[in-house]
Amino acid sequence: MGYKIVLDSFEGPLDLLLSLIEKQKIDIYDIPINVITEQYLDYIEQMEILNLEVTSDFLLMAATLLQIKSKMLLPKVKVEAEEEEEEDPREELVRRLLAYKQFKEAAAKLRNYEEIGLKSFTKPQEDLTQFEEEEVDLGPLDVESLFMTLNRILNKRGLAVEDFDLGAIRRDEYSVKDCTENILRRLEDSRTIKFSQLLRADSSKNEIVAYFLSVLELMKAKTILVEQEYAFADLIIRKNEIGANY
Amino acid sequence: MDTREIKSIIEGLLFVWGEPLSLDDISKILKMDKEEVKTIVEEMCDEFDYDRRGIRIVKANDTYQFSTRPEHYDWIKKLNHTKPNKSLSTAAMETLAIIAYRQPITKSEIDNIRGVKSDRSIETLIEKNLVKELGRLEKIGRPIIYGTTEEFLRLFSLESLEDLPALEEMVERIDEEFGGLEE
Amino acid sequence: MDTREIKSIIEGLLFVWGEPLSLDDISKILKMDKEEVKTIVEEMCDEFDYDRRGIRIVKANDTYQFSTRPEHYDWIKKLNHTKPNKSLSTAAMETLAIIAYRQPITKSEIDNIRGVKSDRSIETLIEKNLVKELGRLEKIGRPIIYGTTEEFLRLFSLESLEDLPALEEMVERIDEEFGGLEE
Chain D
1 MGYKIVLDSF EGPLDLLLSL IEKQKIDIYD IPINVITEQY LDYIEQMEIL
51 NLEVTSDFLL MAATLLQIKS KMLLPKVKVE AEEEEEEDPR EELVRRLLAY
101 KQFKEAAAKL RNYEEIGLKS FTKPQEDLTQ FEEEEVDLGP LDVESLFMTL
151 NRILNKRGLA VEDFDLGAIR RDEYSVKDCT ENILRRLEDS RTIKFSQLLR
201 ADSSKNEIVA YFLSVLELMK AKTILVEQEY AFADLIIRKN EIGANY
Chain V
247 MDTREIKSII EGLLFVWGEP LSLDDISKIL KMDKEEVKTI VEEMCDEFDY
297 DRRGIRIVKA NDTYQFSTRP EHYDWIKKLN HTKPNKSLST AAMETLAIIA
347 YRQPITKSEI DNIRGVKSDR SIETLIEKNL VKELGRLEKI GRPIIYGTTE
397 EFLRLFSLES LEDLPALEEM VERIDEEFGG LEE
Chain H
430 MDTREIKSII EGLLFVWGEP LSLDDISKIL KMDKEEVKTI VEEMCDEFDY
480 DRRGIRIVKA NDTYQFSTRP EHYDWIKKLN HTKPNKSLST AAMETLAIIA
530 YRQPITKSEI DNIRGVKSDR SIETLIEKNL VKELGRLEKI GRPIIYGTTE
580 EFLRLFSLES LEDLPALEEM VERIDEEFGG LEE
C-alpha cells in the first residue's frame, strides 16, 4: 500500500508536523492546535495499525501537543506587573518547527552539492617510496632508538646478543682461511705480490695478523716463497712453482 | 622560473600526490611565498575551468586536489574502475546540515533540533569522514562536540564554510510575530 | 560532441585510470572510430608537450598513460619531504644499528642479519654521510666493508664508538621498562 511508504518517510515528529502544516497551508505562526493535534494523533494511530514502530519521539510530541492544547483552553490568568509577559503556549513549538524547517531546507540544498561531488573522481597517490630515503633531513639522532632498533631485529630474527659479539665477528672476517685464499687468488694474477699490497691504509691489527699468519702457513706448506731484501722491508711473495703441495 | 613553469610543476605535484595538497606544502617545495603561490594556483583553477580541461582543481581550506569533472561522470563510470559513491540518507543529510551550520555542536543539541536521536547518523558521518569530534565541552557530562571535516568541504565543492548556502531567514521573524500576541 | 569536449573526456579517463589505457578501450567508451580517436589523442600528446603541461602522455603500443615530466623529478621527489616526522626509514635505521655494532661489516652480512636486502638503505646512509666504505675484503667478490663515520658520532652525540651502550645492558633495560609490551 502506497500510504505506508508515505507514513514511513518522516524523519521524526517535527518532520511530520511540518508536513501536516504545509499540506494544509496553515500559517506556521498561528497553528490551529486543535486541528493539528487531531491529525497528528490520527497519524500515530495509523502507524500502530500498520504495525510501524512508533518511537518515543513521536509519543513525546503527542504529549506536548496535548499539553499546548490544554493550556490554550485555560482562561488567561492576569499576571502581576513585574513578572514576565505570558508566553503563547505554541511559541516554543513554533520555534522548534522553524529551526527544523531551516535545516531541512539546508539539507535539501546540500543534497544538490553532494550530487555533484559524488560524480567526480580523484586518483590514488602515486607510490612515493621511490623517493624515500633520498630526501631525509637529519636532525640530532637518538642513540636509544638505534639500540631499540637493533634489539628489535635481534628479537625478530631470533638472534642472541652473544651472537652479536663485536670481536668474534672481526676475527671471523679476517680468518686465516680467507686471507690464504686471497693470497692464492692474487698470485694467479701476478707472479709476485708485496705483503703491503694485501693491506690497506686502515687495515686493522686483526687483519694484518691474519695475513701474516696466512703467509707463514703457505710458506710452511711450500706453496709460496717469501723474500725480504732487508730487515723490515716489504715481504715479496711468489708462488713456489716446484714444491707446491698445498 | 617563469609562471608557466611553476604551473607545470604544480600540475605534476598535484597529479602525483592525488590527495589534497596544502598551499603550505606547495610553497615549501617551490621555496616560494605563500601568497604568490596562492595567486598562481587560483589562476590555474580558472584556466582549468576556462579551457574545459578534463581535470579540475578542488579547493578546500587552502588545499588543492585534482579530480574529474562531474559532468563527465557518465563517461568515466564506463571505466568501471570504482563503485559509484553512495549518497547520504535523509537523516544523515539533515544531521550533516545541522552540524555544518551550527558547529561546534553537541549531540543533544542536534537531537533537539531534529526531534529524534541522531546517534546513527553521526556515526555514519564520522565513518565517511564528513564529520569529526572536535573535543569535549567543559560542562556536566563533558559532551563531545562535533564539526565538519575538510573532506566535507571537498565533497560538497565548498572552498570554506563561508561558502555554505545561506539559511532561510525565518527564525528571526519569530519574535516579531509573537511579540504582538501579548497585550 | 566537439573535439575539445572529447579531449576533455579523454583527459578525465586517463586521469582516473592511472594505468595504460588502450586505444580500443577509449574508442569503445566514446563509441567512436579508433582512427579518429587516435588522431585526437596524438594531438593531445603534442598539445601537452607544446603547452609545457605538468602531465605528459606516455604512448606505448596503442596505449596511453599519464605521467609526470622527467625534468620535474627533483621537484616531485620533494613531496616525500613534506611528510611530517621524516627521519631515517626503519630499514635505514636497522642497517645503521647493525653497521654501528658490527663494523667492519659487509653488505651480505647485513642482509643476513636483517633477512632482507639492504642496498638502498646503505646507499642512503652513505649519502647522508653516516656510513662509509672502509675498503674491500680480499675474498671472493671482493665485498665492500662498511663502517660508521665521524658524522654518525656527531649526530648521535657520541665521542667515540666505545660510547655506544653495551648491547647486553640495553636489552636488560628494555626488558625492565617495557616488560610485557614487547612480544
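Protein chains in written order, with my numbering: chain D, 1 to 246; chain V, 247 to 429; chain H, 430 to 612. Glycine included, every Cβ here is placed at the ideal spot set by N, Cα and C.
Contact set for residue i: own chain, Cβ-Cβ below 6 Å, skip 5 residues either direction
| i | result |
| --- | --- |
| residue 393 (chain V) | 349, 350, 380 |
| residue 170 (chain D) | Residue confidence for residue 170 (chain D) is low, a pLDDT of 45 falling below 50, so the modelled location carries little weight; the figure read from the coordinates is stated next. Here the set comprises 206. |
| residue 264 (chain V) | none |
| residue 343 (chain V) | none |
| residue 436 (chain H) | 473 |
| residue 12 (chain D) | 57 |
| residue 235 (chain D) | 195, 226, 228 |
Residue i: contacting residues in chain H (beta-carbon distance under 8 Å)
| i | result |
| --- | --- |
| residue 141 (chain D) | 516, 517, 584, 585 |
Contact set between residue i and chain D, taken where Cβ atoms lie within less than 9 Å
| i | result |
| --- | --- |
| residue 551 (chain H) | Within chain D, no residue comes near residue 551 (chain H); the closest Cβ sits about 10 Å away, beyond 9 Å. |
| residue 286 (chain V) | The premise fails here: residue 286 (chain V) is roughly 21 Å from chain D at the closest Cβ pair, so nothing lies under 9 Å. |
| residue 312 (chain V) | 122, 123 |
| residue 486 (chain H) | Simply none; closest approach about 15 Å. |
| residue 337 (chain V) | 11, 12 |
Per DSSP, the bridge partner or partners of residue i
| i | result |
| --- | --- |
| residue 377 (chain V) | V:394 |
| residue 450 (chain H) | H:493 |
| residue 534 (chain H) | H:575 |
| residue 382 (chain V) | V:390 |
Residues of its chain near residue i, where Cβ-Cβ distance is below 7 Å and the 5 sequence neighbours each way are ignored
| i | result |
| --- | --- |
| residue 167 (chain D) | The predicted model places residue 167 (chain D) with a pLDDT of 43, which falls under 50 and marks its position as unreliable; any figure quoted below should be read in that light. No residues qualify anywhere along the chain. |
| residue 238 (chain D) | 191, 192, 224, 225 |
| residue 550 (chain H) | 520, 521, 524 |
| residue 284 (chain V) | 269 |
| residue 592 (chain H) | none |
| residue 371 (chain V) | 338, 341, 342, 377 |
| residue 101 (chain D) | 18 |
Within chain D, the residues that residue i reaches when beta carbons sit closer than 7 Å
| i | result |
| --- | --- |
| residue 445 (chain H) | 121, 123 |
| residue 414 (chain V) | 102, 105 |
Span of the beta strand (DSSP E) around residue i
| i | result |
| --- | --- |
| residue 237 (chain D) | 235–239 |
| residue 67 (chain D) | Careful: residue 67 (chain D) lies outside any beta strand (DSSP E), inside the alpha helix (DSSP H) at 56–73. |
| residue 227 (chain D) | 224–228 |
| residue 193 (chain D) | 192–194 |
Range of the contiguous alpha helix (DSSP H) that encloses residue i
| i | result |
| --- | --- |
| residue 175 (chain D) | Careful: residue 175 (chain D) lies outside any alpha helix (DSSP H) and carries neither H nor E. |
| residue 102 (chain D) | 91–118 |
| residue 405 (chain V) | From DSSP, residue 405 (chain V) is part of no alpha helix (DSSP H); its letter is neither H nor E. |
| residue 200 (chain D) | It is not in any alpha helix (DSSP H) - residue 200 (chain D) carries neither H nor E in the DSSP assignment. |
| residue 44 (chain D) | 33–49 |
| residue 362 (chain V) | Neither: residue 362 (chain V) is in no alpha helix (DSSP H) and is coded neither H nor E. |
| residue 148 (chain D) | 143–156 |
| residue 15 (chain D) | 13–23 |
Listed by chain order, chain H residues near residue i by CB distance under 7 Å
| i | result |
| --- | --- |
| residue 157 (chain D) | 542, 544 |
| residue 200 (chain D) | 564 |
| residue 289 (chain V) | Near residue 289 (chain V) there are no residues of chain H at all, since even the closest Cβ is about 14 Å away, more than 7 Å. |
Nonlocal neighbours in the same chain, by C-beta distance under 8 Å from residue i, ignoring five residues either side
| i | result |
| --- | --- |
| residue 147 (chain D) | none |
| residue 183 (chain D) | 193, 198, 211, 214, 215, 218, 224, 237 |
| residue 613 (chain H) | Because chain H is modelled from 430 through 612, residue 613 (chain H) falls outside the range shown and cannot be assessed. |
| residue 153 (chain D) | 159 |
| residue 230 (chain D) | none |
| residue 401 (chain V) | 376 |
| residue 485 (chain H) | 474, 477, 478, 495, 496, 497, 498 |
| residue 440 (chain H) | 473 |
| residue 396 (chain V) | 266, 306, 307, 309 |
| residue 346 (chain V) | 394, 398, 407, 410 |
Under 9 Å by beta carbon: chain H residues contacting residue i
| i | result |
| --- | --- |
| residue 382 (chain V) | Simply none; closest approach about 25 Å. |
| residue 397 (chain V) | In chain order: nothing, as chain H lies at least about 19 Å away. |
Interface residues of chain V facing residue i [CB-CB closer than 8 Å]
| i | result |
| --- | --- |
| residue 61 (chain D) | 361 |
| residue 439 (chain H) | 300 |
| residue 433 (chain H) | 298 |
Chain V contact residues for residue i, given Cβ-Cβ distances below 9 Å
| i | result |
| --- | --- |
| residue 442 (chain H) | 300, 314, 318, 321, 322, 324, 325 |
| residue 458 (chain H) | 321, 322, 324, 325 |
Proximal residues of chain V, C-beta to C-beta of residue i below 7 Å
| i | result |
| --- | --- |
| residue 555 (chain H) | Those within 7 Å of residue 555 (chain H) in chain V number zero; the least Cβ separation is about 25 Å. |
| residue 111 (chain D) | 339 |
| residue 118 (chain D) | 331, 333 |
Residue i: contacting residues in chain D (beta-carbon distance under 8 Å)
| i | result |
| --- | --- |
| residue 527 (chain H) | 150, 153 |
Enumerated in chain order, which unbroken segments of the alpha helix (DSSP H) with a length of 4 residues or greater are wholly contained in the stretch 281–332 of chain V?
Segments of the alpha helix (DSSP H) lying fully in the stretch 281–332 of chain V: 319–322.
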